[in-house]
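In my numbering, the protein residues as written are 1069 to 2164. In this text, a Cβ means the ideal position worked out from N, Cα and C, and glycines have one as well.
Written as structure tokens, this is what we have:
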């Protein structure tokens, strides 16, 4: 079963200033361990929110109906309303499934005919949840999307949301023209401009509805809303005021027309009711109802419309409502998916069209007072036809027959446009399946301008592979769509996309990560001048059951040649596991792979590549489900570190060390590097109540966060300054583009790709922090902190910064040029018309052994500036106290040497620093060997004499005459405050070998009148030794006897024997069994007994 499911950095100065005091509610302390305070310097606490009340029926025009309440509790920093530009200014979506089920509306636009189409952006049989607008493109003959409405969310934020049940047009609001009216199953009704597609109004007059019709029942020039619910028909004004209702009326469809001789219009529903719109009475109830699909037309020329009703199976009827009789019926060959009335040929009479619900196609029937006759039909291509329309879509003067197909199958859904005169297909949509991967921006055409590139996860309802799409970001025109990747054999989805120049021609290629029948594959395509996609490279080996989820192309070892770095998850039980792999681009050979990263199905979830620790080598940082972030040096091919936690996303900020991680609980953490391969926690904050799905570094220290079905920009960890509307799931990070109107952000969404205009710059500048110099005890050195503003200000800028770490201000070091604040922070002022201010840190000598300490100096948020990059400086303080280490200089000892004396082991302790005085060092002993039993006790205080930098400790084993396994002695240097302990050599161990030999039975030797049972010993000592054997005898007469006997090894002898003689007066042979008894004084080499027959 198939399952579906360069970049220009944004100037931070384009954003509104964020409050400096706001901090995250989930952590009561900030990155440096300080309490989180509000603007009154009081600790923050958060109350549990109430559940929002439902929108009342008479609510005013309100955009709030379009989006659910934001996730999280009241007061949480991410709980923001959408910012300006928070809804997409442009989108490209899949054409969806169940196309047109909710409706297909046409309207005249200034640039041609517009087709408004509802669709489903999720599973094959899911309800419609969004809509888009198509326009014919004369140059290509295709139909381009010119607008996409974000999928509707339910009032509690569920992405799948309520069903879009009706998409119609009419003049309801009383303006100069019609509006698009969209009705959701939960009772919300939205009004949109047919020209600008902007929302005009929104109401929720009921809590559920099944269908909506628009008609001017009051003859005042504007239409009323006829809302069909599960319990009755309700008629509302445009503001949601109930005008009248009729209970007991229901159904899935309704129509309004003049169907009899009175002045009022008639309303017919599939429940079998006809209501007079003037007196609000039910004038006809037909037993059995009117089927599933309704239309009206004057088929007999009496100026009254007949009701055309199609049942779900086989029958279509024409009813004379005035006479309350059926005029005719038509028998179809299959069940019926939809009906429509339109003129599709050259004669003036309209035709009746219906679509088969299984296979079949679209049938065109004559429509008149007599039983229809089929004129012609076209194949449906895809099973199930939820919508049919007849319209001049390309404005060539002739109508097109438009229908959607695929609603009754798990296969692909497509929108079809046919020339009904030529019976020729003019256009057919491509079926793409989401989610769409994170977009990338780069020049793939070679024209020196960037393109926007994204891809669908799959296609054809999961039966086809993902496909790549290339757009012009200036015009947003679709330049090309690829063939399905992986030869249309990707079964788990196209998971990642990067743009990298693999051949050095300045034109980027498209790198995609996916699978080939579950097996991992990476492919690289070139976008050609003909707007096609040429496969230039693919992996030579496809790891079994291991779809590639993330990929990067980079020179990992500095040899000038590119490598492909990739990670995978696991698709089935035959998977090799989850690995980090490095493949040579030129030879396609695997250079290296890590150990198995995870045994879970999800495996590795995110990959980031960069010099994370500042050692000049490229690291790979891999988020592994259930483990944390694993960090590998790709040049040395070793794992440097593991940072535990439930991480979903990891990223590195270009030009900086460390990494940023997003977790399942919505927390973002930051780790910095203070040495090659060493990372430390530098802070965290809660950014969402939901899992983090994408992180994209922005300008300065800003971060674009994808979480909670939204995108937000966090300039620091205090609060976001920009937030999108609820979009549905955001797949990964975002792509940033500097357009003519400022910064644009593009994101991969469940139903397509969306672009957002963030806006232009404000007057705020950024402040950076740099540190120079060094600090060491016993020296007069100092460190200079330089605070630099990116632009001159006419007023002074007060910069807030923190000093934290193992070292303490005013105890371990002095601070000059800054003022201490009551909250533990410091301030320094950049004077007016200047760009820099300086703070000096000096050493304060002590006589404590503290080891190297680190000062963490970091910029804090405040009004008047944004955090620039770098904003954190790590300053080490070197201690001048001695460092003590220990090694095992002779790590092997034995209870005996040369048969008598023990073979001793030795530990060597070393110290650095001043040797002019003695030094006492405490040590501790542990291990499987016990002091005083297995070896002689030693003094726990070791003294370094004056002038000596090493001391030897002797371990003297004790021969305890007990058979034991190899035992271990561990010695650890213990702290006292007089010295520091070496991190790499703070403990050592040695082994004590046992002296006892191994003993075994070694067969028997026949002697005259007796048998000699042989014993042998090997290894260990050769001292005199007595062993015990257990002897059992079965005499010829059946008598049994058992006894324990002794055998003696003489000094220096490796053999011994036990003599067995016949019993006195034995009448026949005896069966003898001899077995060695283990007493603990030797190692039993073989426990098998010796058996033999002893003749008398």
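Pull up the distance between the alpha-carbon of residue i and that of residue j, whole angstroms please.
i, j, result
"residue 1462", "residue 1587", "44 Å"
"residue 1459", "residue 1443", "19 Å"
"residue 1595", "residue 1853", "49 Å"
"residue 1239", "residue 1406", "26 Å"
"residue 1162", "residue 1866", "51 Å"
"residue 1349", "residue 1425", "35 Å"
"residue 1671", "residue 1694", "8 Å"
"residue 1880", "residue 1780", "40 Å"
"residue 1690", "residue 1525", "22 Å"
"residue 1330", "residue 1374", "14 Å"
"residue 1761", "residue 1718", "10 Å"
"residue 2146", "residue 1638", "51 Å"
"residue 1440", "residue 1277", "34 Å"
"residue 1570", "residue 1510", "13 Å"
"residue 1950", "residue 2005", "27 Å"
"residue 2158", "residue 2071", "6 Å"
"residue 1541", "residue 1821", "12 Å"
"residue 1129", "residue 1796", "Below a pLDDT of 50, predicted positions are generally treated as unreliable, and residue 1129, at 35, falls in that range; no measurement from the model is reported."
Can the beta-carbon of residue i be found less than 9 Å from the beta-carbon of residue j?
i, j, result
"residue 2024", "residue 2078", "no"
"residue 1800", "residue 1814", "no"
"residue 1954", "residue 1978", "yes"
"residue 1871", "residue 1925", "yes"
"residue 1908", "residue 1878", "no"
"residue 1146", "residue 1756", "yes"
"residue 1169", "residue 1475", "yes"
"residue 1980", "residue 2001", "no"
"residue 1590", "residue 1634", "yes"
"residue 1582", "residue 1534", "yes"
"residue 1519", "residue 1504", "no"
"residue 2165", "residue 1869", "What is shown of the chain runs 1069 to 2164, which leaves residue 2165 out entirely."
"residue 1555", "residue 1601", "no"
"residue 2166", "residue 1499", "Since the displayed the chain opens at 1069 and closes at 2164, residue 2166 lies outside it and no answer follows."
"residue 2151", "residue 2097", "no"
"residue 1662", "residue 1618", "no"
"residue 1567", "residue 1578", "yes"
Excluding the 5 residues preceding and the 5 following residue i in the sequence, name in chain order all residues of the same chain whose CB lies nearer than 6 Å to its CB.
i, result
"residue 1397", "1383, 1385"
"residue 1116", "With a pLDDT of 26 at residue 1116, under the threshold of 50, the modelled position of this residue cannot be trusted; read the value that follows with caution. Taken in chain order, the list of residues that qualify is empty."
"residue 1936", "1768, 1834, 1835, 1836"
"residue 1378", "1359, 1361, 1384, 1404, 1407"
"residue 2101", "2109, 2138, 2140"
"residue 1962", "1971, 2061"
"residue 1306", "1240, 1241"
If distances are taken between C-alpha atoms only, which option among the options comes closest to residue i?
i, options, result
"residue 1804", "2040, 1611, 1508", "1508"
"residue 1626", "1678, 1755, 1326", "1678"
"residue 1467", "1473, 1482, 1449, 1493", "1493"
"residue 1646", "1628, 1620, 1629, 1616", "1616"
"residue 1437", "1367, 1404, 1428", "1367"
"residue 2043", "1906, 1952, 1611", "1952"
Below 8 Å CB to CB, which residues in the same chain sit around residue i once its five sequence neighbours on both sides are set aside?
i, result
"residue 1069", "Residue placement at residue 1069 cannot be trusted, given a pLDDT of 31 that sits under 50; the coordinates are not used to answer."
"residue 1975", "1954, 1955, 1956, 1957, 2020, 2021, 2023, 2039, 2056, 2058"
"residue 2122", "2084, 2085, 2086, 2090"
"residue 1274", "1125, 1255, 1295, 1297, 1302"
"residue 1323", "1281, 1335, 1336, 1362, 1363, 1364, 1375"
"residue 1206", "1462"
Between residue i and the rest of its own chain, which residues show a CB-CB distance below 7 Å, the 5 nearest in sequence each way excluded?
i, result
"residue 1857", "1833, 1835, 1865, 1898, 1903, 1933"
"residue 1196", "1166, 1169, 1170, 1186, 1187, 1188, 1231, 1232"
"residue 1986", "2011, 2012, 2013, 2014"
Spell out a yes or no on whether the region 1636 to 1655 and the region 1710 to 1718 are touching, meaning 3 or more CB-CB pairs, one atom from each, closer than 8 Å. no
Taking 8 Å as the threshold, find out whether the region 2118 to 2126 comes into contact with the region 2031 to 2049 through three or more Cβ pairs. no
At least three beta-carbon pairs within less than 8 Å, the region 1335 to 1351 to the region 1315 to 1323: yes
Counting pairs of Cβ atoms below 8 Å between the region 2010 to 2021 and the region 2129 to 2136, do you hit three or more? no
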